[in-house]
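Asker: I'd like to ask you about the structure that follows.
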Amino acid sequence: MRVALSVACFDDALFPGTGKAVTVLLERLGHEVVYPPAQTCCGQVHWTTGYHREAADLARAYTAVFEGAVRDGAEVVVAASASCAATVRAAYPRIARTARDPGLARAAEGLAVHELTEFLVDVLGVTDVGAYFPHRVTYHPSCQSARTLGVADRPLRLLRAVRGLDLVELPAAGECCGFGGAFAMKNSDVSVAMVADKVRHIRDTGADVVCAIDNSCLAHIGGALSRLRGGVRTLHLAEILAETGPA
Amino acid sequence: MTASSPRTTPSFPRTSPPTAVGGAVPLPMPKFAAAARSALADTGQRRSLRVAVAAAREREAAAAAELSDWDELRETGRAVGDATLLDLDAHLETLERAVTEAGGTVHWAADADEARAIVTGLVRAAGADEVVKASSATLREIGLTDALADAGVTVHETALADLVVRLGDDEPSHLLSPALHRDRAEIRELFLRNMIMSAPPADADSGSEAGDGTASDDPAALAAAARAHLRERFLRARVGVTGANFLVAETGTLVVLESEGNARMCATLPDTLITVAGIDKVVPTWADMEVFLQLLPRSSSGDRMTPYVASWSGVTPGDGPRAFHLVLLDNGRTRALADEVGRAALRCVRCSACMNVCPVYERTGGRAYGPVHPGPIGAILTPQLRGVDGAAEASLPYASTLCGACADVCPVKIDIPEVLVHLRGLVVESRRRRPVPTPELALMRGLAWTMADPRRHETALRRGTRWARLLSRGGRIRRLPGLLGKWTEARDLPAPPAESFRAWWTRSRT
């Protein structure tokens, strides 16, 4: 299958390893990955912060880029960032309505963007991707992935199939880490109070890796862990699935 | 429009919409972040809140799980609420007719000023110098207690939690349990200081304290002391003032759900009963109440049915009040009604489930949201009722991570995150009209301009990476300048790798 890869602007700059991991993983599974280089940003931060005109401009550009990729032969669009996939799926119709742009609404409707775990489990029908990752790992279900996309246990099914991986349940897993985009700055005190509890729960698991399918939440959790020298590292799920260990 | 075509825009009730800030009670309130900062430092409140909301969450989840058709009930609640709002004018006129036929009098208040003036006038006309008052967010919204006090009328708070809040010279922190932030020991202190309880004799041994009920912090002893204090006032008062949970239009019936029975006492003992209710409380028929009387108790207190459900229609000779007045309040509600997205907030049945699951509320408590409507629902209701011109009101839509826990439990399916984002848009639009752009507006515009073009984006990415790597040490950035400095107050940021994803792609795949 020919897959057009959607890489979050945030991941492009700060977490390039995630996009590389998705590329390596999908190629290993026998698919062709293309990266439309004209992509920039889905507009999520502008939309959620209230800059709706700018969000509409970015959404138009995003849909144009991936419509182009589909025209050029890509069969699906896959995003490793759950919140970007959620933006295209849930927010674009609202962005279009706010901007009174029926063209954008139609474009968004026609553009099927799959979040990576949905693509693997639902479209490809695989849970064992042949990964090997001998670490104690806990999983944080980010709010956009669990609530807006409803990925349910897909990430956990993928993790359970990883050889050598010791999956431990995260207490109070469903509680937000306190990131919330601009919230982390505008209400930094509350945000920090929230991540403090998230970090406490993560450390209680005894895991050495916490993973998720949103690097933005992981940057928040990881930022707090790093400041506290917490001894737990953050990794996007794709980077675990891409690991095959010594040949 | 033909008679059979579906209604898509609501018609307006007869109250006049208020001007931008007209009618809003001038309640001084800080921005959310500032209020939250001091709330976060209140360790006693943090502990009380944590325990209270955890218990409430568990009770409510269990109560909802008991009903196999819970989700259908919520969907029906949403549908009834939406349909009612679309024809609100007609339902309000039906209500007025029914209340009048039952011997009551209906008053229309466009804003809080008018509502206060109407109630104060009615109390004066009844010749009363004191009133008994039931717990009500609407009465708080119009600032009735202060208005009556200014008119020389003593207001007796009859709900235990309101009494505690009043004695502590406090603001309520929760919709259902306004004194949630106080623990038993603090309540005992307040009761002692205000002579609601008497101190134990000096020679009493501590073991018998709870037994004689004089100054224990045992909940039963505290309730008994409040009961004795209130009972005398109930029997003496000639005017009672209440809010209402629902106004059933077809019969002109007011419905109040409560756990202590004080609203029922306020509604039955005095000669004159005055009820103030928002125009959003209308429910067309008793058949609709079947839905709400299942949704509200289970979502608010986690009960199958609230201990006291009182309903009254007008006056009945020889039984209950001899005069009944219903004050219907707009105070910004028609403005909210005119907003296609924002009007969902008017479906709210004031259950408080959203605040009990909110991770922000759990840490800040309700007072950070301003004095009337706490929690996630307050964050979408207050800016609509009062407008977003004020800095405090404008800060409320941002008092959320948009995690969505509130929408998951709302019994009438208000998509609170959707309304929050919509209101953020209104806040930003109002900022765009300023002659000098805010630093944030400049930043967000600049970012969007850069990202509108892949070449500009790539150049900015390269420069930003170089700049960020200069700020980093050992792979992490410990201090960022400007608006981003808030991030690094307590969190590191990883240094961006030298090679971005797109650079890697170009190098390895093309």
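Sequences listed follow chains X and L, in order.
Every letter in the first sequence is one number past the one before it in the numbering used here, and letter 144, counting from 1, is 183.
Every letter in the second sequence is one number past the one before it in the numbering used here, and letter 375, counting from 1, is 377.
Idealized CB from N, CA, C, for every residue including glycine.
When we look at the beta-carbon of Leu237 of chain L and count the other beta-carbons within 10 Å, is it buried (16 or more) or exposed?
Answerer: exposed
Asker: Nearest CA to the CA of Ser137 of chain L: which residue from L:Ala127, L:Arg126, L:Ala161 and L:Asp115?
Answerer: Nearest of L:Ala127, L:Arg126, L:Ala161 and L:Asp115 to Ser137 of chain L, Cα basis: L:Ala161.
Asker: Whose C-alpha, out of L:Asp391, L:Ile416 and L:Leu473, is nearest the C-alpha of Arg436 of chain L?
Answerer: Measuring from the Cα of Arg436 of chain L, the nearest candidate turns out to be L:Asp391.
Asker: Tell whether a beta-carbon distance below 8 angstroms holds between Leu328 of chain L and Gly83 of chain L.
Answerer: Contact: no.
Asker: On the CB-based measure, 16 or more other CB atoms within 10 Å of its CB, does Pro309 of chain L come out buried or exposed?
Answerer: exposed
Asker: Using a 10 Å radius around the Cβ and a threshold of 16 neighbouring Cβ atoms, would you call Gly82 of chain X buried or exposed?
Answerer: Flag for Gly82 of chain X reads buried.
Asker: Going along chain C in order, which residues have a C-beta closer than 8 angstroms to the C-beta of Ser120 of chain X?
Answerer: Given the protein chain composition of this structure (X and L), no chain C is represented.
Asker: Tell me whether the beta-carbon of Val430 of chain L lies closer than 8 angstroms to the beta-carbon of Tyr131 of chain X.
Answerer: no
Asker: What residues in its chain sit with their C-beta under 8 angstroms from that of Ser210 of chain L, if we drop five residues either side in the sequence?
Answerer: Bear in mind that a pLDDT of 43 at Ser210 of chain L, under 50, signals an unreliable position, so the number given afterwards is only what the model happens to contain. Here the set comprises nothing.
Asker: For Phe49 of chain X, which option in X:Cys256, X:Val271, X:Gly107 and X:Arg272 has the closest C-alpha, if you only look at C-alpha atoms?
Answerer: X:Cys256
Asker: Mapping the DSSP letters down to three states, classify Gly213 of chain X as helix, strand or coil.
Answerer: coil
Asker: Would DSSP call His375 of chain L helix, strand or coil?
Answerer: coil
Asker: So is Thr79 of chain X in contact with chain L if we call contact Cβ pairs under 8 angstroms?
Answerer: yes
Asker: Leaving out five residues on either side along the sequence, give the residues of the same chain with a beta carbon under 8 angstroms from the beta carbon of Ser208 of chain L.
Answerer: Model confidence at Ser208 of chain L stands at a pLDDT of 48, short of 50, so the residue's coordinates are unreliable and nothing is read from them.
Asker: Can you give me the C-alpha to C-alpha distance between Val249 of chain X and Leu182 of chain L, rounded to a whole angstrom?
Answerer: 35 angstroms
Asker: Could you say if the stretch 440-458 of chain L and the stretch 92-99 of chain L meet the contact criterion of at least three C-beta pairs nearer than 8 angstroms?
Answerer: no
Asker: Report the three-state DSSP secondary structure of Ala340 of chain L (helix, strand or coil).
Answerer: Reduced to three states, the DSSP call for Ala340 of chain L is coil.
Asker: Are the CB atoms of Ala338 of chain L and Ile379 of chain L nearer to each other than 8 angstroms?
Answerer: no
Asker: Taking 8 angstroms as the threshold (beta carbon to beta carbon), is Cys405 of chain L in contact with chain X?
Answerer: yes
Asker: Determine, using beta-carbon pairs with one atom in the stretch 251-260 of chain L and one in the stretch 268-286 of chain L, whether at least three such pairs fall under 8 angstroms.
Answerer: yes
Asker: For a contact meaning CB atoms closer than 8 angstroms, what does Arg139 of chain X contact in chain L?
Answerer: Within 8 angstroms Cβ-Cβ: nothing; Arg139 of chain X doesn't reach chain L, min ~12 angstroms.
Asker: Rounded to the nearest angstrom, what separates Val63 of chain X and Met40 of chain X at their Cα positions?
Answerer: Straight-line Cα distance between these residues: approximately 14 angstroms.
Asker: Go ahead and pull the three-state DSSP assignment for Pro496 of chain L.
Answerer: strand
Asker: Alpha carbon to alpha carbon, what distance is there between Thr166 of chain X and Pro376 of chain L?
Answerer: 44 angstroms
Asker: Does the beta-carbon of Thr187 of chain X have 16 or more other beta-carbons within 10 angstroms, so that it is buried, or is it exposed?
Answerer: buried
Asker: Give a yes or no on contact between the stretch 414-428 of chain L and the stretch 393-400 of chain L, applying the rule of three or more CB pairs nearer than 8 angstroms.
Answerer: yes
Asker: Please confirm if the stretch 162-176 of chain L is in contact with the stretch 265-277 of chain L, defined as three or more CB-CB distances below 8 angstroms between the two stretches.
Answerer: no
Asker: Could you give the distance in angstroms between the alpha-carbon of Gly24 of chain L and the alpha-carbon of Tyr363 of chain L?
Answerer: Any reading at Gly24 of chain L must be qualified, since the residue scores a pLDDT of 40, below 50, and its modelled position is unreliable; the value itself is stated next. Looking at the two C-alpha atoms, the distance is approximately 29 angstroms.
Asker: With a cut-off of 8 angstroms, do at least 3 Cβ pairs link the stretch 483-494 of chain L to the stretch 221-231 of chain X?
Answerer: yes
Asker: So within the stretch 195-267 of chain X, which uninterrupted alpha helix (DSSP H) runs reach at least 4 residues, ignoring any that extend past its ends?
Answerer: Counting only runs of 4 or more residues that sit fully inside the stretch 195-267 of chain X, the alpha helix (DSSP H) segments are 222-225, 227-243 and 254-266, in chain order.
Asker: In angstroms, rounded to a whole number, what distance separates the CA positions of Cys408 of chain L and Glu77 of chain L?
Answerer: 15 angstroms
Asker: Suppose the cutoff is 6 angstroms on Cβ atoms and the five residues either side in sequence are ignored; what does the same chain contact list for Arg471 of chain L look like?
Answerer: Ala497
Asker: Let me know if Ala500 of chain L comes out buried or exposed under the rule of 16 or more other beta-carbons within 10 Å of its beta-carbon.
Answerer: exposed
Asker: Please report the straight-line C-alpha distance between Phe158 of chain X and Pro299 of chain L, rounded to a whole angstrom.
Answerer: 41 angstroms
Asker: By the 10 Å Cβ neighbour count, where 16 or more other Cβ atoms means buried, how is Val152 of chain X classified, buried or exposed?
Answerer: buried
Asker: Quick check on the DSSP output: what are the complete alpha helix (DSSP H) runs of length 4 or more inside the stretch 99-145 of chain X, in order along the chain?
Answerer: 121-125 and 131-137
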